[in-house]
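Quick note: the sequence shown, position 257, residue 280 per this note's numbering, numbers continuous. C-beta atoms are modelled at their ideal positions from N, C-alpha and C, and glycine is treated no differently. Quantities reported herein were computed from a predicted structural model and do not represent experimental measurements. In what follows, a single structure is set out as structure tokens and then discussed.
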Amino acid sequence: MIKTIATDMDGTLLNKVQKVSKENKDAIEAAQRQGIEVIVATGRSYEEARIALDEAKLDLPIIAANGAAVYTQDGQIVASNPMSSEVGLEMIELLEKENLYFEVYTSNGVYSKNYEASVAVLVDIILTANPDLDPLKVTARAHERLKMGLVNTITDYRELFTMPSVVIHKMLVFSNDLTALGQVAGKIKRIKGLAVSSSGRENLEISSEAAQKGNALMIYLANKGESMKDAMAIGDNYNDVSMFERVGRSVAMGNAPLEIQRLCHFVTAKNDEHGVAKAIHEVLKEVQAVNEA
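Structure follows, in structure tokens:
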């Protein structure tokens with residue numbers, strides 16, 4: 024019996040306009056009424072994840088930055104899997120040498136050395152999940168979000184290591200040169216203690232090996248005495264694979280790449296067709312059948 028549901032955000036819980044649909048919200052609340060815990064597991068920072076959830080008036084635990092930090096529904100951090108300072112500095116040197124644009128996700132927010140490139144990254148993430156959207160409208164929306172202060176500008180990423188209490192959650196690398204991305208991913212995979220995934224065709228997400236969605240979810244549930252076998256994960260991309268490989272029920276979105284769909288037990292509808300709600304309702308039907316037995 025499914026006791027926990029973990030859902031990705033972009034391309035999954037969120038629709039084309041980056042909002043939680045009424046259908047998805049209603050399904051989540053129906054699951055909660057049945058005692059099923061719903062958790063968001065996202066590559067976003069905690070602050071960015073909260074925007075859509077606050078709009079929908081949903082208070083949910085959040086696995087942020089692909090598992091680098093775990094927050095309770097009231098915003099208390101309960102687990103952290105940061106990148107070490109030594110490895111973080113090594114990564115900065117490598118990525119700058121390769122002349123690749125990247126952002127650094129920290130416990131103090133997201134940092135970028137190039138505002139316009141930050142816009143391009145956000146546009147890429149949204150368009151990857153929703154390829155039929157108007158790029159101009161998406162770009163305008165990205166500018167609006169960044170003006171809200173979700174990305175901090177910095178002249179040298181090394182300054183982060185001099186800031187008290189700031190830890191590195193992950194690095195998001197973006198490039199239109201897929202060959203360059205592939206080459207640097209190969210180099211990173213040879214560095215002990217690091218994990219590399221992707222939330223879009225033109226990006227890499229680099230974090231501590233422990234900072235993966237599946238690891239974070241497993242630890243979160245273990246601390247509550249619960250099993251991954253009783254959990255369902257819903258997602259649409261490669262940074263969801265660590266959850267799919269561990270949970271009792273894996274569900275790919277209808278808009279997920281075919282490779283991701285083949286990894287999962289089930290495929291639900293697309294994110295703009297309330298696929299999360301449909302997957303949750305399948306669970307609720309099973310709960311009802313058990314209750315009536």
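Simplified DSSP state of residue i, which is helix, strand or coil
{"i": "Val5", "result": "What is shown of the chain runs 24 to 316, which leaves residue 5 out entirely."}
{"i": "Ala163", "result": "helix"}
{"i": "Asn131", "result": "coil"}
{"i": "Asn104", "result": "coil"}
{"i": "Arg224", "result": "coil"}
{"i": "Ala234", "result": "coil"}
{"i": "Leu81", "result": "coil"}
{"i": "Lys193", "result": "strand"}
{"i": "Ile59", "result": "coil"}
{"i": "Ala312", "result": "helix"}
{"i": "Asn38", "result": "coil"}
{"i": "Met32", "result": "helix"}
{"i": "Met24", "result": "coil"}
{"i": "Ala140", "result": "helix"}
{"i": "Ser273", "result": "strand"}
{"i": "Met255", "result": "strand"}
{"i": "Ala87", "result": "strand"}
{"i": "Thr65", "result": "coil"}
Which listed residue (the options) has its alpha carbon closest to that of residue i
{"i": "Lys80", "options": "Ile51, Ser107 and Ala102", "result": "Ile51"}
{"i": "Thr176", "options": "Ile62, Val290, Gly132 and Ala88", "result": "Gly132"}
{"i": "Glu71", "options": "Lys48, Met266 and Glu167", "result": "Glu167"}
{"i": "Asp33", "options": "Glu249, Ile115, Arg56 and Asn153", "result": "Asn153"}
{"i": "His192", "options": "Asp179, Gly271 and Arg67", "result": "Arg67"}
{"i": "Ser135", "options": "Gly216, Glu126 and Ala53", "result": "Glu126"}
{"i": "Ile283", "options": "Lys301, Asn294 and Asp263", "result": "Asp263"}
{"i": "Tyr128", "options": "Leu156, Val190 and Ala279", "result": "Val190"}
{"i": "Arg181", "options": "Gly111, His288 and Ala88", "result": "Gly111"}
{"i": "Tyr261", "options": "Glu249, Val306, Lys236 and Tyr138", "result": "Lys236"}
{"i": "Pro187", "options": "Val144, Ser231 and Ser130", "result": "Ser130"}
{"i": "Asn104", "options": "Leu159, Ala234, Leu217 and Tyr138", "result": "Ala234"}
{"i": "Met194", "options": "Met241, Thr178, Leu117 and Ser250", "result": "Leu117"}
{"i": "Gln96", "options": "Arg73, Ile115 and Lys48", "result": "Arg73"}
{"i": "Asp49", "options": "Glu315, Gln311, Lys301 and Tyr138", "result": "Lys301"}
Straight-line Cα distance separating residue j from residue i
{"i": "Met276", "j": "Thr151", "result": "13 Å"}
{"i": "Ser107", "j": "Val313", "result": "47 Å"}
{"i": "Val43", "j": "Glu78", "result": "8 Å"}
{"i": "Leu83", "j": "Val63", "result": "7 Å"}
{"i": "Glu309", "j": "Lys26", "result": "12 Å"}
{"i": "Glu46", "j": "His297", "result": "6 Å"}
{"i": "Val101", "j": "Ala245", "result": "13 Å"}
{"i": "Gln99", "j": "Asp259", "result": "27 Å"}
{"i": "Ile214", "j": "Leu183", "result": "21 Å"}
{"i": "Leu286", "j": "Glu268", "result": "8 Å"}
{"i": "Ala165", "j": "Ser221", "result": "20 Å"}
{"i": "Asp54", "j": "Ser265", "result": "The identity of residue 54 in the sequence shown is Ala, whereas the question assumes Asp. About 23 Å."}
{"i": "Ala29", "j": "Glu119", "result": "35 Å"}
{"i": "Ile149", "j": "Leu281", "result": "19 Å"}
{"i": "Ile257", "j": "Val274", "result": "5 Å"}
{"i": "Ile303", "j": "Val270", "result": "15 Å"}
{"i": "Gln57", "j": "Asp157", "result": "39 Å"}
{"i": "Ala279", "j": "Asn38", "result": "13 Å"}
{"i": "Met251", "j": "Thr178", "result": "42 Å"}
{"i": "Leu145", "j": "Asp31", "result": "16 Å"}
{"i": "Met114", "j": "Gly248", "result": "36 Å"}
{"i": "Gln206", "j": "Ser230", "result": "17 Å"}
Contacting residues, own chain, Cβ-Cβ under 8 Å from residue i (five flanking each side not counted)
{"i": "Leu204", "result": "Leu123, Val196, Ser198, Glu225, Asn226 and Leu227"}
Contact set for residue i: own chain, Cβ-Cβ below 6 Å, skip 5 residues either direction
{"i": "Ala140", "result": "Tyr124"}
{"i": "Ala239", "result": "Ile86, Gly90 and Val93"}
{"i": "Tyr243", "result": "Val93"}
{"i": "Ala208", "result": "Val219 and Leu227"}
{"i": "Phe289", "result": "Val274"}
{"i": "Thr162", "result": "Val146"}
Residue i CB to nearest heavy atom of the ligand HEM below 8 Å
{"i": "Ala302", "result": "Among the components of this structure there are no ligands whatsoever, and the ligand HEM is therefore not found."}
Close beta carbons around residue i, own chain, < 7 Å, minus the five adjacent residues each side
{"i": "Asp253", "result": "Met24, Ile25, Lys26, Thr27 and Gly271"}
{"i": "Tyr69", "result": "Ile85, Ala87, Ala92 and Tyr94"}
{"i": "Thr35", "result": "Ile257, Gly258, Asp259, Met276, Asn294 and Val299"}
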